[in-house]
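K.L.:
Protein sequence lines, in the order shown, are assigned to chains X and A.
According to this note's numbering, the first sequence holds residues 338 to 672 in order.
According to this note's numbering, the second sequence holds residues 117 to 415 in order.
The following block contains the structure, expressed as C-alpha cells.
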Amino acid sequence: MSKVKPAPLPPETVIGGYRIVRKLAAGGFGVVYLAVDTEGQQVAIKEYLPSSLATRGPGELLPQVQPEKLSLYRLGLKSFFEEGRSLAQISHASVVSVLNFFRENETVYMVMNYLEGASLQEFIITARELKKQKVFRESTIRSLYDEILRGLRIVHQHKMLHLDIKPANIFVTDDNRSVLIDFGAAREVLSKEGNFIRPMYTPGFAAPEMYRRDSSMGPWTDIYAMGACIYASMQGYPPNDAPQRLEKDRLALSLSRLRGVYSDNLIEVVEWCLSLDPLSRPQSVFALQKELSRETELSYTKLNVAEKMRLQFDNLVADTKKSARKSAMPGTKFR
Amino acid sequence: MRFSVYQVSRQGGRERNEDRMGYAYTRESGLFVLADGMGGHPEGAMAAQLALQTFSAYFQKAANPSVKEVPEFLSSATMAAHHQIIRYASEKGMLDTPRTTLVAAVIELDHIHWVHCGDSRLYIVRDGALLTRTRDHSYMEQQAHLGRNTQHINRNILFTCLGSPAKPVFDLSGPLSLQQGDRVLLCSDGLWGTVSDEEIGRELSRTTLDQSVPELVEMALKRGGARCDNVTALAMEWETPELFKRARVSTEDIDDGVFASTIQSGVPDPSIEDLDDDAIERSIAEINEAIRRTAERKA
C-alpha cells in the first residue's frame, strides 16, 4: 500500500470551468484549492480524494483506487455528498456556503465561498503567545460567539448536527465575520489501513456522548463543543478531554483561575455548556444565546487568599503534567 | 450448468441458530455461501446474515450472467461483507462488533473457486474419496500443520474472522475443474467437529445428496449431544444425472438477466445498492438543485 499522499492538481488546471490557483489545504478526505471562476471570482474547491484509499501521481488528473478499496471509497463519497446536501440547504452568513457540485476526473468536487482570514485556532495561538492575562476580551468573545451561534441555530433548525465544532472549524474573515466551516470529514473517518470505520471526534471538544456514539447525541452535543471553544478562547487551550474529565474533573478548578478576569456570568455559561450530563447543558442554541447576550450588570468575583494558594499549587502540578503531554494546543503558563 | 443442491441447518442444543447459508445463480454462474456467526460477541446471526446478503448483492451485480474475475470477486465480496458488519456495529454504536466465519464458492463453466475465513469448511469429494478441503484459520489447524499434537487444543480459537477490528485474513483457492458427480460440501464446525473427514468423504458419496446430507447432519447432532453446536451443511453435486430429480437446478433454460437466490435480501444498503454512476449523477443533481433552491429563497 502506498503511504504517499495523492498529488494535488497543479496550478492552472481547469476543472468544471474553474481555474486552480493553488492548493490551500489537504486533509484525510481530500484537497482544498483556491480557484477562480470564469468571471474571475475566487472560490474554494474541495476535491474528494481520501488519501488512505486513492493515489494520484504528480501531474496526473485521475486518481487510482485499488479494486478492494472501491467499496470504502464509495462509502466515503456518500459522506462527501452528505456534507454537500447539508450545506446546500443552508444560506447564512455564519455558515460556509456551497455554490456548486460537479463530477470530473472520476471524482467529485464541491465549490464553496472562498473566505479570506484565519481560523479561530490561529487567533487563539497568536493571542496566547502574548502571555496576557486574557486571551480575548470578554466583549470580543460574546460578540464572536453570538454570531457563530446564529449560524449553528440555523444548522440545528435543518435537523443537522455539526459534531466537530472546534476553533479550527470557526473561521474569522478579514472583514470580521465568523463562519462555521467543515461540515465534512463527515462523521466517519477511514483509518490508514482503510479497513475500519470509526466515528471522528476532537479530544477536548467532543462531548462524552460522542465517545459512546449512542442515540443521546443532539444539539447539546454541539453545545458542549461550543462551551469548549469559549473555554479555549479564555484559557488559550482546550479543556481536558471527556474521558479524563469523567475520571477526575478539574474543570471547576481551572475555571476558578479565570475568576476576576472574566465575569462570573461568562464562567458560569461555560461551565453550563460543559456539563458532563447532556441534560444539564443548555438544551438549545437559543437557550445559550439568551444567556450569553445578557450583558447587564456583570459581576466579577475576586479570589480569596486560600483559593490563590490552591491555584499556585495546582499550576505547579499542571505544568509538570503538561510538559509530558503532547497536545494540539499546548498550555501556556497562566500569569 | 446443471447441478443438484441440498441444504440443511439444525439448531442443535443451542439457544439460537447463528449459522446462515444460501445459494444463488444466473445462467452461467453459481454462488454457494455459508457463514457461522460467532458466539462470545454480540449478534452473531446478524453478522452471518450480513455476510450472506453482501455476497448475494455483490453476486447479483457481478454475474451478468458470468463473473469476469472470480478470485477478485470473492476477495472484494469478502472485504465488503467485513465492512458491512463493521458499519452495522458503528451505526448502532456497539461496543463490540458482531463476527462471523465465512466460506463461499463460485462455479462457472466447470471451474470452482472458493474463499474461506475462519473455521467453516469446504470439502470436495470425488469418486468416494476426499479430494481437498479448506484449512481452518484456527490455532488447532495451525499446530496440526506444524505436525504437533493437537489433542488438547481448543479447536474454537480462531485467529481471523469477518467483523473483527483487525483486517480479516482469508484464503482464495481454485480454480479446480469439476467432473461429473463431484460433490462439494460447505459446512459449519458443528458438522466437522464430531464427524471425521473420512466419514464425510464416504457418506457424501454413498448415496444421493438428499439422503447423505441429512444423514451426516443427524450423525453430528447425535454425537454433539445435548449441548450440540448449530450444524449446517450446503452440498452441491455437479452435472447430476437425470435420474435424480429433487432440487435439481439447470441454468440452461433461464434467460440472460435472471438471477435466482435463496438468500433473502436485507434492508437495502445504500453503499452496495447505489453509488454506481447513475446514483452519483443523481446525488450531484440533487445537491445542485438544493443549492439553486436555497439561492432562490435568499434572493
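Every residue gets a Cβ at the ideal spot worked out from N, C-alpha and C, and that includes glycine.
Are three or more beta carbon pairs between the stretch 188 to 207 of chain A and the stretch 261 to 271 of chain A nearer than 8 Å?
P.N.:
With the cut-off at 8 Å, the stretch 188 to 207 of chain A and the stretch 261 to 271 of chain A do not touch.
K.L.:
Taking the Cβ atom as the reference point for each residue, do residue 304(A) and residue 236(A) lie within a distance shorter than 9 Å?
P.N.:
Looking up residue 304(A) in the second sequence gives position 188. Looking up residue 236(A) in the second sequence gives position 120. Taking 9 Å as the Cβ cut-off, residue 304(A) and residue 236(A) qualify as a contacting pair.
K.L.:
Mind the definition here: the stretch 209 to 218 of chain A touches the stretch 342 to 349 of chain A only if three or more C-beta pairs lie below 8 Å; say whether that holds.
P.N.:
The answer is no - the stretch 342 to 349 of chain A does not touch the stretch 209 to 218 of chain A, with fewer than three Cβ pairs under 8 Å.
K.L.:
Give the C-beta separation of residue 171(A) and residue 352(A) to the nearest angstrom, bearing in mind that I take them to be a contact with Cβ-Cβ under 8 Å.
P.N.:
Position 55 of the second sequence holds residue 171(A). Position 236 of the second sequence holds residue 352(A). Not confirmed; about 16 Å, so no contact.
K.L.:
How many angstroms separate the CA atom of residue 698(X) from the CA atom of residue 617(X)?
P.N.:
Coverage of chain X is limited to positions 338 through 672, which leaves residue 698(X) absent and any answer about it impossible.
K.L.:
Using a Cβ-Cβ cut-off of less than 9 Å, give me the residues of the stretch 386 to 412 of chain X that come near chain A, in sequence order.
P.N.:
Residues passing the 9 Å Cβ filter: 404, 405, 406, 407, 408, 409, 411 and 412.
K.L.:
Report all residues from its chain with a CB closer than 6 Å to the CB of residue 349(X); omit the five preceding and five following residues, and keep chain order.
P.N.:
Indexing the first sequence from 1 puts residue 349(X) at position 12. Correct list: empty, nothing qualifies.
K.L.:
What residue from 447(X), 621(X) and 542(X) has the CA that sits closest to residue 366(X)'s CA?
P.N.:
Counting from one through the first sequence, the residue named residue 366(X) turns up at place 29. When only C-alpha atoms are compared, the closest one is 447(X).
K.L.:
Please classify residue 273(A) as buried or exposed, where buried requires at least 16 neighbouring CB atoms within 10 angstroms.
P.N.:
Locating residue 273(A) in the second sequence gives position 157, where the first residue counts as 1. Classification for residue 273(A): exposed.
K.L.:
Please identify, using Cβ separations under 9 Å, the residues of the stretch 421 to 438 of chain X that lie next to chain A, in order along the chain.
P.N.:
Answer set for the stretch 421 to 438 of chain X: 421, 422, 424, 425, 426, 427, 428, 434, 435, 436, 437 and 438.
K.L.:
Can you list the beta strand (DSSP E) stretches of 3 or more residues lying completely in the stretch 399 to 465 of chain X, in chain order?
P.N.:
Correct list: 435 to 441, 444 to 450 and 454 to 456.
K.L.:
Hey, quick one: how far does the alpha helix (DSSP H) through residue 268(A) stretch, first residue to last?
P.N.:
Taking the second sequence and counting its residues from 1, the one referred to as residue 268(A) is at position 152. No alpha helix (DSSP H) contains residue 268(A), which DSSP labels as neither H nor E.
K.L.:
Along the chain, which unbroken stretches of the beta strand (DSSP E) at least 3 residues long are found entirely within the stretch 320 to 379 of chain A?
P.N.:
Within the stretch 320 to 379 of chain A, the complete beta strand (DSSP E) runs of at least 3 residues are 347 to 354 and 364 to 366.
K.L.:
Going by DSSP, name the residue or residues bridged to residue 379(X).
P.N.:
Here residue 379(X) refers to the residue found at position 42 of the first sequence. Residue 379(X) pairs with 373(X).
K.L.:
Residue 363(X) bridges to which residues according to DSSP?
P.N.:
Locating residue 363(X) in the first sequence gives position 26, counting from the first residue. Paired residues: 368(X).
K.L.:
If you measure from the beta carbon of residue 369(X) to each beta carbon in chain A, is any gap under 9 Å?
P.N.:
Working through the first sequence from its first residue, we reach residue 369(X) at position 32. Chain A, which has no Cβ nearer than 9 Å to the Cβ of residue 369(X), makes this no.
K.L.:
Residue 351(X): buried (16+ other C-beta within 10 angstroms of its C-beta) or exposed?
P.N.:
Working through the first sequence from its first residue, we reach residue 351(X) at position 14. The residue is exposed, with fewer than 16 neighbouring Cβ atoms inside 10 Å.
K.L.:
Is it right to say residue 334(A) is buried, meaning 16 or more other beta carbons lie within 10 angstroms of its own, or is it exposed?
P.N.:
Taking the second sequence and counting its residues from 1, the one referred to as residue 334(A) is at position 218. That one is exposed.
K.L.:
For residue 592(X), which residues from the same chain have a beta carbon less than 7 Å from its beta carbon, with the 5 sequence-adjacent residues on both sides left out?
P.N.:
Position 255 of the first sequence, counted from the start, is the residue given in the question as residue 592(X). Answer for residue 592(X): 604, 607 and 608, listed in chain order.
K.L.:
Please check if any C-beta of chain X sits within less than 9 Å of the C-beta of residue 289(A).
P.N.:
The residue labelled residue 289(A) in the question sits at position 173 within the second sequence. Answer no: the Cβ-Cβ gap between residue 289(A) and chain X never drops below 9 Å.
K.L.:
Taking 9 Å as the threshold (C-beta atoms), are residue 295(A) and residue 230(A) in contact?
P.N.:
If you number the second sequence from 1, residue 230(A) lands on position 114. If you number the second sequence from 1, residue 295(A) lands on position 179. Cβ atoms of residue 230(A) and residue 295(A): not closer than 9 Å.
K.L.:
Taking buried to mean at least 16 other C-beta atoms within 10 Å of its own C-beta, is residue 386(A) buried or exposed?
P.N.:
Within the second sequence, numbered from 1, the residue matching residue 386(A) stands at position 270. Only weak support is given to the placement of residue 386(A): the predicted model assigns it a pLDDT of 40, under 50, and the question is left unresolved by the model.
K.L.:
From the DSSP output, which residues share a beta bridge with residue 230(A)?
P.N.:
Within the second sequence, the letter at position 114 stands for residue 230(A). DSSP, once it has assigned bridges, lists 221(A) and 289(A) as partnering residue 230(A).
K.L.:
For residue 129(A), I'd like the list of residues in its chain whose CB is within less than 6 Å of its CB, leaving aside the five on either flank, ordered along the chain.
P.N.:
Walking along the second sequence from the start, residue 129(A) turns up at place 13. Taken in chain order, the residues that qualify are 342, 343 and 344.
K.L.:
For residue 109(A), which option in 251(A), 371(A) and 289(A) has the closest C-alpha, if you only look at C-alpha atoms?
P.N.:
Residue 109(A) cannot be examined here, being either before or after the span of chain A that is shown, 117 to 415.
K.L.:
Note down, in chain order, each residue of its chain lying with its Cβ closer than 8 Å to the Cβ of residue 368(A), except the 5 sequence neighbours on either side.
P.N.:
Sequence index remark: in the second sequence, residue 368(A) carries index 252 (1-based). Within the same chain, residue 368(A) has close Cβ partners 117, 118 and 143.
K.L.:
Got a sec, what are the start and stop residues for the alpha helix (DSSP H) residue 598(X) sits in?
P.N.:
The residue labelled residue 598(X) in the question sits at position 261 within the first sequence. No alpha helix (DSSP H) contains residue 598(X), which DSSP labels as neither H nor E.
K.L.:
Whole angstroms are fine: how far does the CA of residue 190(A) sit from the CA of residue 332(A)?
P.N.:
Stepping through the second sequence from its first residue, residue 332(A) is reached at position 216. Stepping through the second sequence from its first residue, residue 190(A) is reached at position 74. Using only the alpha carbons, I get a separation of about 28 Å.
K.L.:
Which residues share a DSSP beta bridge with residue 509(X)?
P.N.:
What you label residue 509(X) is simply residue 172 of the first sequence in a count that begins at 1. 455(X) and 515(X), per the DSSP bridge assignment.
K.L.:
List the residues of chain A that residue 598(X) touches, going by C-beta distances under 9 Å, in chain order.
P.N.:
Along the first sequence, read from residue 1 onward, the residue named residue 598(X) stands at position 261. Within chain A, no residue comes near residue 598(X); the closest Cβ sits about 39 Å away, beyond 9 Å.
K.L.:
Pull the bridge partners of residue 152(A) from the DSSP assignment, please.
P.N.:
Taking the second sequence and counting its residues from 1, the one referred to as residue 152(A) is at position 36. 135(A), per the DSSP bridge assignment.
K.L.:
What are the boundary residues of the alpha helix (DSSP H) that includes residue 566(X)?
P.N.:
The residue labelled residue 566(X) in the question sits at position 229 within the first sequence. Where residue 566(X) is concerned, the enclosing alpha helix (DSSP H) stretches over 556 to 572.
K.L.:
Using a Cβ-Cβ cut-off of 9 Å, state whether residue 500(X) counts as contacting chain A.
P.N.:
Sequence index remark: in the first sequence, residue 500(X) carries index 163 (1-based). Not an interface residue.
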